[in-house]
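Enquirer: Protein chains in written order, with our numbering: chain Z, 266 to 338; chain F, 16 to 258.
Don't be surprised by glycine CBs; every beta carbon is placed ideally from N, CA and C.
On a predicted model such as this, the values are computed, not experimentally measured, just so you know.
The following block contains the structure, expressed as structure tokens.
Structure, rendered in structure tokens:
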């Protein structure tokens, strides 16, 4: 550890305050991001999606459909 | 750039950028701290307290940068009414406020051993405190109005009115006789700081700036998702009421 001289306490305090403030900010932002992703995923699992979004659980057709048009009845 | 104005494309870009940006930010801050503590020599007048400069100066720059970003985004909100502009402004508030707070506290801790006082009401310190209070006012305004569009427009007007404080901060050391030293890096005659101290400062400044950008991108992503969640819940309630 480097010798920071007679004012070491002020230097360490400055770095400590910066670390705590920045770490707190990072924690809050990352936690909020995760929470919003989780909430959106929960809604999509319930089938609540945006109109522009692709439906999540739409059943896929088993057989390939023929390109030929069906005759009108 | 135009394609990034689409929130979905913006989210896709953020998802790809965040891991790389986080890695580069951590590496730069690590190198910066190593240079600051193990390579940079003590200043001939200030001794080892000059190490506070490596966090104080980048934090002060980013405090002002955050407000400039909010003011530019405010123009985007009021003129083009683009939703991403409002999201950018709102999410820059807490980040800019934190860096301004760090600048104020570290400056105070640097001032006590060098000036003999933690605080003095000179133009530079007071205008930085006003910047911090403006940030708090903007955050309070965003929180107090529930509808994001209305909140965004009201905050945009306040942000543009408060922008007058930014040039006051920058030129306060030239316009008034202050205890705070004048500009020693961005000046017409070039920096007055020795390269042995300027290099760690530059590395830390780039690291802090990337940290700001990284946090802003993540916060913007969270805000866009929050608005989607809010909109989906409303649609769900409307569908349930109609059924």
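1. Can you list the alpha helix (DSSP H) stretches of 4 or more residues lying completely in the stretch 60 to 147 of chain F, in chain order?
2. Please classify residue 268 of chain Z: does DSSP put it in a helix, a strand, or coil?
3. Is there at least one Cβ from chain F nearer than 9 Å to residue 315 of chain Z's Cβ?
4. Whole angstroms is fine: what's the gap from residue 199 of chain F's alpha carbon to residue 96 of chain F's?
5. Indicate whether at least one CB of chain F lies closer than 9 Å to the CB of residue 310 of chain Z.
6. In angstroms with no decimal places, state the Cα-to-Cα distance between residue 71 of chain F and residue 185 of chain F.
7. What's the gap between the Cα of residue 124 of chain F and the Cα of residue 286 of chain Z?
8. My output table needs one value for residue 209 of chain F: the three-state DSSP class, helix, strand or coil.
9. Give the residues of chain F in contact with residue 288 of chain Z, contact being defined as C-beta atoms less than 9 Å apart.
10. Please list the residues of the stretch 53 to 68 of chain F that have a C-beta atom closer than 8 Å to any C-beta atom in chain Z, keeping them in chain order.
11. Starting from residue 230 of chain F, find everything on chain Z with Cβ-Cβ shorter than 7 Å and list it in chain order.
12. Just to make sure I have the definition right: I need the residues of chain Z whose C-beta is within less than 7 Å of the C-beta of residue 252 of chain F. Which are they?
13. If you draw a straight line from the alpha carbon of residue 240 of chain F to that of residue 234 of chain F, how long is it in whole angstroms?
14. What residues from chain Z crowd round residue 284 of chain F, counting only those whose CB sits closer than 7 Å?
15. For residue 58 of chain F, which beta-bridge partners are listed by DSSP?
16. Let me confirm a value: residue 101 of chain F is counted as buried when at least 16 other C-beta atoms fall within 10 Å, else exposed. Which label applies?
17. Counting only the same chain and skipping the five closest in sequence on each side, list residues whose C-beta sits under 7 Å from that of residue 194 of chain F.
18. In angstroms with no decimal places, state the Cα-to-Cα distance between residue 127 of chain F and residue 133 of chain F.
19. Kindly indicate which three-state DSSP category residue 180 of chain F falls into: helix, strand or coil?
20. I need the boundaries of the alpha helix (DSSP H) containing residue 27 of chain F, first residue and last residue.
21. Pull up the distance between the alpha-carbon of residue 291 of chain Z and that of residue 202 of chain F, whole angstroms please.
22. Which residues, in chain order, does the stretch 101 to 116 of chain F contribute to contact with chain Z at a C-beta distance below 8 Å?
Expert: If we stick to the structure as given:
1. 68 to 90, 98 to 130
2. Translated into the one-based positions of the first chain, residue 268 of chain Z becomes position 3. Coil.
3. Taking the first residue of the first chain as 1, we reach residue 315 of chain Z at position 50. For residue 315 of chain Z, the answer is yes, since a Cβ of chain F falls inside 9 Å of its Cβ.
4. Here residue 199 of chain F refers to the residue found at position 184 when the second chain is read from its first residue. Here residue 96 of chain F refers to the residue found at position 81 when the second chain is read from its first residue. Taking the straight line joining both Cα atoms gives about 39 Å.
5. As a first step, residue 310 of chain Z must be located in the first chain, where it is residue number 45. Not one chain F Cβ lies under 9 Å of residue 310 of chain Z.
6. By one-based count along the second chain, residue 71 of chain F stands at place 56. By one-based count along the second chain, residue 185 of chain F stands at place 170. Each residue's alpha carbon lies about 15 Å from the other.
7. Position 109 of the second chain, counting from 1, holds the residue named residue 124 of chain F. Position 21 of the first chain, counting from 1, holds the residue named residue 286 of chain Z. Each residue's Cα considered, the two are about 15 Å apart.
8. Residue 209 of chain F sits at position 194 when you count from the first residue of the second chain. If DSSP states are grouped into helix, strand and coil, residue 209 of chain F belongs with coil.
9. Working through the first chain from its first residue, we reach residue 288 of chain Z at position 23. Here the premise fails: no neighbours, minimum Cβ distance about 10 Å.
10. 53, 57, 62, 63, 64, 66, 67
11. Walking along the second chain from the start, residue 230 of chain F turns up at place 215. The answer, in chain order, is 290, 291, 294.
12. To locate residue 252 of chain F, count along the second chain from 1; it is residue 237. Chain Z residues near residue 252 of chain F: none, gap ~10 Å exceeds 7 Å.
13. Translated into the one-based positions of the second chain, residue 240 of chain F becomes position 225. Translated into the one-based positions of the second chain, residue 234 of chain F becomes position 219. Whole-angstrom Cα-Cα distance: 10 Å.
14. Outside the modelled stretch of chain F, which goes from 16 to 258, sits residue 284 of chain F, for which no answer is possible.
15. Walking along the second chain from the start, residue 58 of chain F turns up at place 43. Residue 58 of chain F pairs with F:62.
16. The residue given as residue 101 of chain F occupies position 86 in the second chain. Result: buried.
17. Taking the second chain and counting its residues from 1, the one referred to as residue 194 of chain F is at position 179. Cβ neighbours of residue 194 of chain F beyond the five flanking positions: 130, 135, 137.
18. For the purposes of this step, residue 127 of chain F is taken as residue 112 along the second chain, with counting starting at 1. For the purposes of this step, residue 133 of chain F is taken as residue 118 along the second chain, with counting starting at 1. Approximately 5 Å between the Cα atoms of the pair.
19. Here the question's residue 180 of chain F lines up with position 165 in the second chain. Helix, per DSSP.
20. What you label residue 27 of chain F is simply residue 12 of the second chain in a count that begins at 1. Residues 22 to 49.
21. Locating residue 291 of chain Z in the first chain gives position 26, where the first residue counts as 1. Locating residue 202 of chain F in the second chain gives position 187, where the first residue counts as 1. Approximately 33 Å, taken between the alpha carbons.
22. 109, 110, 113, 116
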